[in-house]
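**Student:**
Numbering (our numbering), first residue to last: 145 to 489.
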């Protein structure tokens, strides 16, 4: 905000300031000399009567254009005229006091009429004589927009009790990761309440000990048809137990004390059970996402194979995490009917 300052210098233009010289304001004419005149004229004392002037000598009659001579009036005659007193000392003029009284009466009557009109207007607005506040009807609260969804805590089965379904995780025969990309072919899906069906050895025992009660998985073929994979979600008790499984898995897999099972899906998919594989896993909430990849021809997978790394990233990061679990975290999984886990389809 800008504050404006206005000077007082122009306020006294045309009038002298206190302490200024009068000559700086304008030409006021020559200064008056002598004693100052009194407010009221002082009457002169009567003087001695002067002798009357002698009569004019006889002579010719004055001409018609010249005025006749008249003697000046005596001082005594002048003093008989009334003095010009101030207006406050004059006698009141007849009829003036009556006019003022009439004006007072008319003004008082006008005020009374105005008050009466105001009273009538107020009575018309409030017939019962009480002040009634104006009530504004309240509108019902607007319902939340259906496009907005509340986030759901998926860190525990207590806050996320609904079981997973195969349709929720793998909804169709084709799985498209990104727009314009070739889809993965979904060959088989499974939802089971027995977690050891998807693991062996110490890995299966670890899942049971830490409360795994469901696994949903599918077998897919890569868009280039050179790789087969089995990917899915393990449903654990809470985020802490899921993290314990994640941290223990590397030690068990490297020590060959157990492994994830590939799920065959008919002819040309036997490599999932006996070929060397690459595995990846990740935790979000109380879920453990995993993916097992093999070459379709059964040959060993080379370390650092970019195709294998791309498959692992597509299934674990983009599909299971960013799509399936994100949808569940935003409440998008509600309303999907399912039977008790354990069926195979």
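Glycine included, every Cβ here is placed at the ideal spot set by N, Cα and C.
#1: Between the region 341-360 and the region 393-409, do at least 3 Cβ pairs fall closer than 8 Å?
#2: Exposed or buried, which one is residue 334 when buried takes at least 16 other CB atoms within 10 Å?
#3: List the endpoints of the continuous alpha helix (DSSP H) containing residue 438.
#4: Identify the continuous alpha helix (DSSP H) that holds residue 473 and give its terminal residues.
#5: Residue 475: buried (16+ other C-beta within 10 angstroms of its C-beta) or exposed?
#6: Answer yes or no: do residue 459 and residue 375 have a C-beta to C-beta separation smaller than 7 Å?
#7: Can you say whether residue 385 is buried or exposed, counting buried as having 16 or more other CB atoms within 10 angstroms of its CB?
#8: Within the continuous alpha helix (DSSP H) that includes residue 374, where are the two ends?
#9: With 16 as the cutoff for other CB atoms within 10 Å, does residue 258 come out buried or exposed?
#10: Under DSSP, the beta strand (DSSP E) around residue 426 begins and ends at which residues?
#11: Taking the DSSP output, what are the residues bridged to residue 457?
#12: Whose C-alpha, out of 436, 437, 439, 430, is nearest the C-alpha of residue 470?
#13: Assuming residue 330 and residue 362 are in contact, meaning their beta carbons sit under 8 Å apart, how far apart are those beta carbons, in whole angstroms?
#14: Mark residue 247 as exposed unless 16 or more other C-beta atoms lie within 10 angstroms of its C-beta, in which case mark it buried.
#15: What separation, rounded to the nearest whole angstrom, lies between the Cα atoms of residue 451 and residue 371?
#16: For residue 311, name the three-state secondary structure that DSSP assigns.
#17: Rounded to whole angstroms, what's the CA-CA distance from residue 340 to residue 435? Just pull it up for me.
#18: Across which residues does DSSP place residue 386 in a beta bridge pair?
#19: May I ask you to report which of helix, strand or coil DSSP gives residue 360?
#20: Indicate whether residue 415 and residue 442 have their beta-carbon atoms separated by less than 7 Å.
#21: Determine the contact status of residue 417 and residue 406, defining contact as a CB-CB distance below 7 Å.
#22: My output table needs one value for residue 255: the three-state DSSP class, helix, strand or coil.
#23: Leaving aside the five residues before and after residue 304 along the sequence, list all residues of the same chain whose C-beta is less than 8 Å from its C-beta, in chain order.
#24: Tell me which residues share the same chain as residue 314 and place their Cβ nearer than 6 Å to its Cβ, disregarding the 5 neighbours each side in the sequence.
#25: Comparing alpha-carbon positions, which option in 354, 318, 394 lies nearest residue 378?
#26: Please go through the same chain and pick out, in chain order, the residues whose beta-carbon is closer than 7 Å to the beta-carbon of residue 365, but skip the five residues on each side of it.
#27: Here's the rule: buried if 16 or more other CB atoms are within 10 angstroms of the residue's CB, otherwise exposed. What is residue 320?
#28: Based on Cα-Cα distance, which residue from 462, 427, 422 lies nearest to residue 444?
#29: DSSP three-state call for residue 318: helix, strand or coil?
#30: Find the nearest neighbour of residue 465 within the set 438, 426, 440, judged by alpha-carbon distance.
#31: Should residue 301 and residue 381 be called a contact, given that it needs their Cβ atoms to be closer than 7 Å?
#32: For residue 454, which option in 396, 325, 252 has the closest C-alpha, if you only look at C-alpha atoms?
#33: To the nearest angstrom, report how far apart residue 358 and residue 343 are at their CA atoms.
#34: Let me confirm a value: residue 346 is counted as buried when at least 16 other C-beta atoms fall within 10 Å, else exposed. Which label applies?
#35: Quick check: is the beta carbon of residue 409 nearer than 7 Å to any beta carbon in chain B?
**Tutor:** Let me lay it out:
#1: yes
#2: Here the question's residue 334 lines up with position 190 in the chain shown. Residue 334 should be labelled buried.
#3: For the purposes of this step, residue 438 is taken as residue 294 along the chain shown, with counting starting at 1. Careful: residue 438 lies outside any alpha helix (DSSP H), inside the beta strand (DSSP E) at 431-439.
#4: The residue labelled residue 473 in the question sits at position 329 within the chain shown. From DSSP, the alpha helix (DSSP H) with residue 473 extends over 470-473.
#5: Translated into the one-based positions of the chain shown, residue 475 becomes position 331. Looking at its Cβ environment, which holds fewer than 16 other Cβ atoms inside 10 Å, residue 475 is exposed.
#6: Taking the first residue of the chain shown as position 1, residue 459 is located at position 315. Taking the first residue of the chain shown as position 1, residue 375 is located at position 231. Yes; because the gap between Cβ atoms is below 7 Å, this pair is in contact.
#7: As a first step, residue 385 must be located in the chain shown, where it is residue number 241. Buried is the call here.
#8: In the chain shown, counting from the first residue as 1, residue 374 sits at position 230. Counting along the chain, no alpha helix (DSSP H) covers residue 374; the unbroken beta strand (DSSP E) around it starts and ends at 371-379.
#9: As a first step, residue 258 must be located in the chain shown, where it is residue number 114. Classification for residue 258: exposed.
#10: Against the chain shown, residue 426 aligns to sequence position 282. In the DSSP assignment, residue 426 falls within the unbroken beta strand (DSSP E) covering 422-428.
#11: Locating residue 457 in the chain shown gives position 313, counting from the first residue. In DSSP, residue 457 forms no bridge with anything.
#12: As a working mapping, residue 470 is identified with position 326 in the chain shown. The residue with the shortest Cα to Cα distance from residue 470 is 430.
#13: The residue you call residue 330 lines up with position 186 of the chain shown. The residue you call residue 362 lines up with position 218 of the chain shown. About 6 Å separates the Cβ atoms of residue 330 and residue 362, confirming a contact at the 8 Å cut-off.
#14: In the chain shown, residue 247 corresponds to position 103, counting from 1. Counting of Cβ neighbours within 10 angstroms places residue 247 among the exposed residues, the total staying below 16.
#15: Residue 451 sits at position 307 when you count from the first residue of the chain shown. Residue 371 sits at position 227 when you count from the first residue of the chain shown. Each residue's alpha carbon lies about 9 Å from the other.
#16: Translated into positions along the chain shown, residue 311 becomes position 167. In this structure, residue 311 counts as helix in the three-state DSSP scheme.
#17: Here the question's residue 340 lines up with position 196 in the chain shown. Here the question's residue 435 lines up with position 291 in the chain shown. Distance between the alpha carbons of residue 340 and residue 435 is about 16 Å.
#18: Taking the first residue of the chain shown as 1, we reach residue 386 at position 242. Answer is none; residue 386 lacks a bridge partner.
#19: Numbered from 1 along the chain shown, position 216 holds the residue referred to as residue 360. Three-state DSSP puts residue 360 in a strand.
#20: Taking the first residue of the chain shown as 1, we reach residue 415 at position 271. Taking the first residue of the chain shown as 1, we reach residue 442 at position 298. It is a contact, given that the beta carbons lie within the stated cut-off.
#21: The count along the chain shown starts at 1 and reaches residue 417 at position 273. The count along the chain shown starts at 1 and reaches residue 406 at position 262. Against a cut-off of 7 Å, the Cβ pair of residue 406 and residue 417 comes out as a contact.
#22: Numbered from 1 along the chain shown, position 111 holds the residue referred to as residue 255. Looking at residue 255 - three-state DSSP - the assignment turns out to be helix.
#23: As a working mapping, residue 304 is identified with position 160 in the chain shown. Taken in chain order, the residues that qualify are 296, 297, 298, 429, 430, 472.
#24: Residue mapping note: residue 314 aligns to position 170 of the chain shown, counting from 1. Excluding its 5 nearest sequence neighbours in each direction, residue 314 has C-beta neighbours in its own chain below 6 Å: 330, 333, 362, listed in chain order.
#25: Within the chain shown, the letter at position 234 stands for residue 378. Cα-wise, what sits closest to residue 378 is 354.
#26: Locating residue 365 in the chain shown gives position 221, where the first residue counts as 1. Apart from sequence neighbours up to five positions away, the residues of its chain that approach residue 365 with a beta-carbon distance below 7 Å are 328, 329, 331, 372, ordered along the chain.
#27: Counted from its first residue, the chain shown places residue 320 at position 176. Counting Cβ neighbours within 10 Å, residue 320 comes out exposed, since fewer than 16 surround it.
#28: Within the chain shown, the letter at position 300 stands for residue 444. That would be 422, whose Cα lies nearest to the Cα of residue 444.
#29: Within the chain shown, residue 318 is the residue found at index 174, counting from 1. Strand, per DSSP.
#30: Working through the chain shown from its first residue, we reach residue 465 at position 321. The residue with the shortest Cα to Cα distance from residue 465 is 426.
#31: In the chain shown, the residue the question calls residue 301 occupies position 157. In the chain shown, the residue the question calls residue 381 occupies position 237. Yes; because the gap between Cβ atoms is below 7 Å, this pair is in contact.
#32: Counted from its first residue, the chain shown places residue 454 at position 310. Of the candidates 396, 325, 252, the one whose C-alpha sits nearest the C-alpha of residue 454 is 325.
#33: As a first step, residue 358 must be located in the chain shown, where it is residue number 214. As a first step, residue 343 must be located in the chain shown, where it is residue number 199. When rounded, the distance between both Cα atoms is 12 Å.
#34: Locating residue 346 in the chain shown gives position 202, counting from the first residue. With 16 or more Cβ atoms within 10 Å of its Cβ, residue 346 is classed as buried.
#35: Annotation note: the requested chain B is absent from the structure, which comprises a single protein chain.
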